[in-house]
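Chains as they are written, first to last, in our numbering: chain S, 42 to 392; chain X, 48 to 184.
The next block holds one structure in the form of structure tokens; read it before the comments.
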Amino acid sequence: MRHRSRSFLRGTAVALALALAATISIAGQTQSPAKPAAAKAAPANAAAGKAYKAPRTPDGQPDLQGFWTNSTYVPLQRPNGVTKEIYTPDEAEAAIKAAAARESEQTEPGTTADVHYDFTQFGLDRSQSTFARNLRTSLIVDPPDGKLPPVNAIGQKRQQERAAARKAAGGQYDAVENMPIGSRCIIMGGAGPPMMNAGYNANYQIVQAPGYVMILTEMIHDVRIIPLDSRPQQPAGVKQWVGLSRGRWEGDTLVVETTNFNGKNAFQGSSENLKVTERFTRTADDTISYRFTVEDPQTWDRPWTAEAPLAKTDGPIFEFACHETNYGIANILAGARADEKKAAEQKKGSN
Amino acid sequence: MRITLAVATAAAALLGVAQLHAHHAFAAEFDVNRPLTLKGTLVKWEMVNPHSWFHVDIKDKDGKVSTWMIEGGSPNQLIRMGVTKTTVPVGTELVIEGYQAKDGTQKAVGRNFVLADGKRLFLGGSAGGVSDPAKAK
């Protein structure tokens with residue numbers, strides 16, 4: 042076993058729980074971390090959706106309001122070697138167990154991977170929070186093989202151009218602008234659209250008002266205000282990080298179409314001409330079926346569709362003021378300069 | 048109290064194991080060859096995102112006190128679990144195992160936060176419990 046802390050964890054977990062409760066009163070913290078609120082989620086959604094009648098807002102919309110999470114262990118693409126589309130509940134349980142074990146595995150001291158805080162100590166291990174159950178073997182439901190369609194020639198050319206531009210700009214740690222946008226606290230993967238599991242703090246709040254739906258993403262506080270009044274889309278020149286969304290109800294399903302992306306937050310290598318169509322259907326008190334279709338002829342020759350259920354979770358959404366006092370960027374740049382200085386001194390010494 | 052700065056001589060095993068949740072490249076910020084153990088007193092906890100910063104006063108063997116800044120995880124999830132500035136107040140004695148900043152300043156990533164009696168500070172649950180049918184309800 043390559044675990045520094047595994048035996049410690051095993052040997053003291055119960056004692057720790059008691060001691061923590063006694064010494065620092067961690068309210069609400071338990072040793073039964075998983076709250077799989079969406080145990081009945083997908084693929085039974087369709088059947089459940091027919092039987093279930095969503096509550097209504099005062100103005101008559103199906104009520105999607107509340108706090109939701111899309112945290113999941115199901116990968117976007119079907120793992121190699123898995124041929125079935127839907128797991129049995131036992132198989133899904135085994136897959137979750139394996140993924141959870143990998144996630145909580147302790148790193149080897151003295152390795153690059155060990156230079157990090159322990160996720161299990163900061164509640165970032167997914168099993169420590171609510172996550173959405175899904176019997177699917179991949180979030181992608183179409184193409185039927187559960188894999189992303191191949192990137193077409195236009196998309197490949199763009200990816201090469203993007204790579205060349207990055208190379209021309211210099212090393213990743215040469216300038217703030219060269220660092221990933223997530224590290225720079227500009228936007229993270231949870232915002233979308235499509236809204237993808239952010240890994241941790243994968244929480245959303247939906248609020249409905251007459252004519253509007255608002256979706257707040259916890260990480261990092263991105264908001265989409267979606268008008269439902271069939272207003273025309275803005276001109277193509279008006280672009281945003283999260284695009285511009287327009288919504289409508291089709292029966293009890295909220296359909297949201299988003300275009301006008303600025304292209305700087307490419308989704309799976311997409312272009313700024315990405316179009317995302319999301320479908321939200323409340324299928325149970327604790328579940329929203331969330332399906333999205335991605336179209337971008339400049340990246341893929343065919344649309345593709347995924348399903349990632351939202352499970353009800355506890356609020357509130359906490360502020361995620363990411364850039365304030367973000368020491369990380371300065372420290373990383375200082376680290377790179379220190380490395381350069383050290384390398385220069387070593388070179389000088391060897392001459 | 049004492050400060051221990053054990054500098055590893057072994058070459059880092061550059062396995063490049065991907066950290067699923069890593070917000071940024073911690074190995075670019077902190078030095079794998081500068082593991083350390085710090086024992087001190089919490090004097091300030093910056094509950095800021097994306098990463099908490101714990102300011103800890105460390106006394107060296109001559110009694111001189113200096114403040115170190117220790118990077119940890121997002122405060123949001125801690126708050127959600129009930130870990131707050133009230134439950135971990137200023138004055139808490141901590142032992143921190145981690146790695147020092149590459150630029151040699153008094154900053155470190157806190158690999159483990161341990162209370163004075165040897166117990167982990169923030170251990171929030173056991174992933175093994177996720178598949179216990181009795182608990183999966």
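Beta carbons: idealized from backbone N, C-alpha and C, even for Gly.
Tell me which residue opens and which closes the beta strand (DSSP E) that residue i is part of.
| i | result |
| --- | --- |
| residue 386 of chain S | Residue 386 of chain S -> not in any beta strand (DSSP E); alpha helix (DSSP H) instead, spanning 368 to 391. |
| residue 299 of chain S | 294 to 300 |
| residue 106 of chain X | 100 to 106 |
| residue 399 of chain S | One cannot answer for residue 399 of chain S here, as it falls past the ends of chain S, which runs 42 to 392. |
| residue 346 of chain S | 345 to 348 |
| residue 305 of chain S | Neither: residue 305 of chain S is in no beta strand (DSSP E) and is coded neither H nor E. |
| residue 291 of chain S | 285 to 291 |
From the DSSP output, in three-state form, read off residue i for me.
| i | result |
| --- | --- |
| residue 80 of chain X | strand |
| residue 42 of chain S | The predicted model places residue 42 of chain S with a pLDDT of 32, which falls under 50 and marks its position as unreliable; any figure quoted below should be read in that light. Looking at residue 42 of chain S - three-state DSSP - the assignment turns out to be coil, as it is neither helix nor strand. |
| residue 162 of chain S | helix |
| residue 72 of chain X | coil |
| residue 155 of chain S | helix |
| residue 218 of chain S | helix |
| residue 315 of chain S | coil |
| residue 111 of chain X | coil |
| residue 245 of chain S | strand |
| residue 168 of chain X | coil |
| residue 224 of chain S | coil |
| residue 232 of chain S | coil |
| residue 281 of chain S | strand |
| residue 325 of chain S | strand |
| residue 67 of chain S | Here residue 67 of chain S scores only 30 on pLDDT, less than 50, and its place in the model should not be relied on; the value that follows carries that caveat. Correct three-state label for residue 67 of chain S: coil. |
Please name the residue or residues paired with residue i in a DSSP beta bridge.
| i | result |
| --- | --- |
| residue 268 of chain S | S:253 |
| residue 359 of chain S | Beta-bridge pairing links residue 359 of chain S to no other residue. |
| residue 88 of chain X | X:104 and X:140 |
| residue 353 of chain S | S:109 |
| residue 258 of chain S | S:245 |
Kindly provide the ranges of any beta strand (DSSP E) runs that are 3 or more residues long and lie completely inside the stretch 116 to 166 of chain X, ordered along the chain.
Listed in chain order, the complete beta strand (DSSP E) runs (minimum 3 residues) inside the stretch 116 to 166 of chain X are 140 to 148 and 154 to 162.
With a floor of 3 residues, list each beta strand (DSSP E) that falls wholly inside the stretch 86 to 153 of chain S, ordered by position along the chain.
Runs found: 107 to 110.
Counting only runs that start and end within the stretch 166 to 216 of chain S, where is the alpha helix (DSSP H) found for 4 or more residues in a row?
Fully enclosed alpha helix (DSSP H) runs of no fewer than 4 residues occupy 194 to 210 of the stretch 166 to 216 of chain S, in order along the chain.
Quick one, which residues of the stretch 92 to 109 of chain X are near chain S if we go by CB-CB under 9 Å, in chain order?
The residues in question are 93, 95, 96, 97, 98, 99 and 100.
Closer than 9 Å, Cβ to Cβ, to anything on chain S: give me those residues from the stretch 153 to 164 of chain X, in chain order.
Of all residues in the stretch 153 to 164 of chain X, 154, 156, 157, 158, 159, 160, 162 and 164 have a Cβ within less than 9 Å of some Cβ in chain S.
Using a Cβ-Cβ cut-off of less than 9 Å, list which residues of the stretch 156 to 169 of chain S approach chain X; keep chain order.
Among the residues of the stretch 156 to 169 of chain S, those with a Cβ less than 9 Å away from any Cβ of chain X are 156, 157, 158, 159, 160, 161, 162, 163, 164, 165, 166, 167, 168 and 169, in the order of the chain.
Going along the chain, which residues of the stretch 122 to 154 of chain S sit with their C-beta nearer than 8 Å to a C-beta in chain X?
Going along the stretch 122 to 154 of chain S in chain order, one finds 134, 135, 137, 138, 141, 142, 144, 145, 148, 149, 150, 151, 152, 153 and 154 with a Cβ nearer than 8 Å to chain X.
What are the residues in the stretch 71 to 83 of chain X lying within 8 Å of chain S by C-beta distance?
Of all residues in the stretch 71 to 83 of chain X, the ones placed with a Cβ closer than 8 Å to any Cβ belonging to chain S are 71, 72, 73, 74, 75, 76, 77, 78, 79 and 82, in chain order.
Any C-beta of chain X within less than 8 Å: which residues of the stretch 230 to 245 of chain S qualify?
Against chain X - using a Cβ distance shorter than 8 Å - the residues of the stretch 230 to 245 of chain S are 240, 241 and 242.
Output, in sequence order along the chain, the residues in the stretch 98 to 123 of chain S whose CB is closer than 7 Å to any CB in chain X.
Answer in chain order: no residues at all.
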